[in-house]
Amino acid sequence: MSDTARCVVVTGAGQGLGRSVAMAFAAQGDAVMVSDIDGARAASVADEIIAAGGTAASAPADVSSELDVIALADAAVSQLGVPRVWVNNAGLTRPAMLHKMEVDDFDLVLQVHTRGTFLGTREAARRMIAADVDGLIINVTSSAGLQGTIGQINYSAAKGAITAMTKSSAKELARRGIRVNAIAPVAATPMTEKLRVDEKLAGRFLDSIPLGRFGEPDEIAAAFTFLASDGGAYVTGQVLCVDGGLYMAS
Ligand SMILES: NC(=O)c1ccc[n+]([C@@H]2O[C@H](COP(=O)([O-])OP(=O)(O)OC[C@H]3O[C@@H](n4cnc5c(N)ncnc54)[C@H](O)[C@@H]3O)[C@@H](O)[C@H]2O)c1
Numbered sequence: 003m004s005d006t007a008r009c010v011v012v013t014g015a016g017q018g019l020g021r022s023v024a025m026a027f028a029a030q031g032d033a034v035m036v037s038d039i040d041g042a043r044a045a046s047v048a049d050e051i052i053a054a055g056g057t058a059a060s061a062p063a064d065v066s067s068e069l070d071v072i073a074l075a076d077a078a079v080s081q082l083g084v085p086r087v088w089v090n091n092a093g094l095t096r097p098a099m100l101h102k103m104e105v106d107d108f109d110l111v112l113q114v115h116t117r118g119t120f121l122g123t124r125e126a127a128r129r130m131i132a133a134d135v136d137g138l139i140i141n142v143t144s145s146a147g148l149q150g151t152i153g154q155i156n157y158s159a160a161k162g163a164i165t166a167m168t169k170s171s172a173k174e175l176a177r178r179g180i181r182v183n184a185i186a187p188v189a190a191t192p193m194t195e196k197l198r199v200d201e202k203l204a205g206r207f208l209d210s211i212p213l214g215r216f217g218e219p220d221e222i223a224a225a226f227t228f229l230a231s232d233g234g235a236y237v238t239g240q241v242l243c244v245d246g247g248l249y250m251a252s
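What follows is the structure, encoded as structure tokens:
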């Protein structure tokens with residue numbers, strides 16, 4: 003590892019968008035802590051990065067567990083250094099029309115996204131503040147949290163909370179040299195597989211996207227590395243929609 007490699011932590015990086023984000027940071031020379039609730043998948047992404055000549059380590063963590071997230075931050079510091087970038091990406095969905103939604107599915111989605119983002123942000127900020135370094139936290143929200151979606155009141159609530167948490171933590175942490183932003187993607191990942199495979203659903207969804215296609219995880223990942231580049235240094239408290247124009251603020 004070079005002396006200048008930044009430690010970048012990515013949660014939920016065992017597949018999908020998180021995997022692409024981890025690979026993108028590694029490709030530009032950062033040292034990436036790949037984490038996922040599925041430790042084997044995280045380890046295999048870290049192996050892939052190392053095989054390509056990059057620097058990575060892996061750690062299993064359920065982002066809704068305080069102990070797991072503390073252990074993840076400790077592992078990052080001891081193996082790769084104080085995190086300079088922390089990506090709160092882990093997520094899941096449990097869709098159902100609201101009159102049919104079980105309370106456990108409401109709670110689970112809130113726990114993983116909202117509590118998970120809080121815990122990741124807190125542990126990242128604690129390490130950055132203690133080491134007196136500048137840092138960046140990138141959350142992952144969704145158009146669901148900006149405009150709502152049918153059949154996903156749990157996910158919309160969770161992503162709406164993440165949007166608000168991004169702004170709140172950006173205001174609070176700016177004086178510490180820590181920026182906080184969120185990305186709202188649309189990406190072809192395992193999470194959106196059903197939406198892409200079902201012709202009727204896919205057609206309706208693509209009609210609502212001006213660019214008329216799903217984003218590729220790698221092109222979404224480029225927005226994360228932009229925020230972490232010198233060019234992103236004056237950006238904080240923002241939600242960057244990388245979604246083919248699906249959401250446009252009025
Ligand atoms: N794909 C899209 O179009 C889209 C749109 C808007 C927002 N998002 C958000 O982007 C992020 C990544 O989604 P994706 O499309 O890559 O999904 P994905 O299902 O392909 O990957 C999600 C990853 O998160 C992990 N994960 C789930 N629960 C976890 C937990 N409790 N702790 C740690 N890891 C956990 C999974 O194991 C998986 O590897 C999510 O926050 C998602 O809500 C995705």
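For the sequence shown, position 156 matches number 158 in this note's numbering, and the numbering has no gaps at all.
A virtual CB, placed ideally from N, CA and C, is assigned to each residue, including glycine.
Sequence-distant residues of the same chain with beta carbon closer than 6 Å to residue i, five excluded per side
| i | result |
| --- | --- |
| A230 | V87, L138 |
| G239 | K169, A172 |
| S60 | V36, A44, A45, A48 |
| A77 | A61 |
| R8 | D32, R86 |
CA nearest to the CA of residue i, picked from the options
| i | options | result |
| --- | --- | --- |
| D70 | G41, I52, L94 | G41 |
| T210 | M193, D245, I155 | Position check: residue 210 holds Ser in this sequence, whereas Thr was assumed. Ranking M193, D245, I155 by Cα distance to S210 puts D245 first. |
| I180 | I39, E195, V135, I164 | V135 |
| G14 | T95, A26, V199, A63 | A63 |
| D107 | N90, L74, G153 | G153 |
| V65 | N90, A58, E50, S80 | N90 |
| I52 | M130, A28, A184 | A28 |
| Q81 | T151, G234, T57 | T57 |
| V12 | D232, N141, R177 | N141 |
| A133 | G214, A184, V84 | V84 |
Residue i CB to nearest heavy atom of ligand 1 below 7 Å
| i | result |
| --- | --- |
| I211 | no |
| R43 | yes |
| A186 | yes |
| A126 | no |
| A98 | no |
| N156 | no |
| A26 | no |
Contacting residues, own chain, Cβ-Cβ under 8 Å from residue i (five flanking each side not counted)
| i | result |
| --- | --- |
| G217 | P187, V188, A189, A190, V244, D245, G246 |
| E221 | V244 |
| Y249 | S145, L148, Q149, A186, C243 |
| L112 | N156, A159, A160, A163 |
| L26 | Residue identity differs from the one stated: residue 26 is Ala in this sequence, not Leu. So the list reads D220, A223, A224, F226, T227, once near-sequence residues are dropped. |
| R128 | A75 |
Ligand 3 heavy atom lying under 7 Å from the CB of residue i
| i | result |
| --- | --- |
| D76 | Ligands present in the displayed structure are limited to ligand 1, and ligand 3 is not among them. |
Close-in-space but distant-in-sequence residues of the same chain around residue i (CB under 7 Å, 5 per side omitted)
| i | result |
| --- | --- |
| H115 | G93, A160, K161, I164 |
Complete alpha helix (DSSP H) runs within the stretch 35-93 (minimum length 4 residues, chain order): Restricting attention to alpha helix (DSSP H) runs no shorter than 4 residues, the stretch 35-93 encloses them at 41-53, 68-82, ordered along the chain.
Inter-stretch contact at 8 Å, needing at least 3 Cβ pairs: the stretch 118-135 / the stretch 146-153: Here the stretch 118-135 does not lie against the stretch 146-153, with fewer than 3 beta-carbon pairs under 8 Å apart.
Any 3 or more C-beta pairs closer than 8 Å across the stretch 153-164 and the stretch 195-205: Verdict: no, contact absent.
Segments assigned alpha helix (DSSP H), at least 4 residues, entirely inside the stretch 162-210: Correct list: 195-199, 201-209.
The stretch 98-110 in contact with the stretch 10-26 per 3-pair CB rule at 8 Å: Touching, no, given that fewer than three Cβ pairs across the two stretches are closer than 8 Å.
Minimum length 4: unbroken alpha helix (DSSP H) runs contained in the stretch 129-166: Segments of the alpha helix (DSSP H) lying fully in the stretch 129-166: 145-149.
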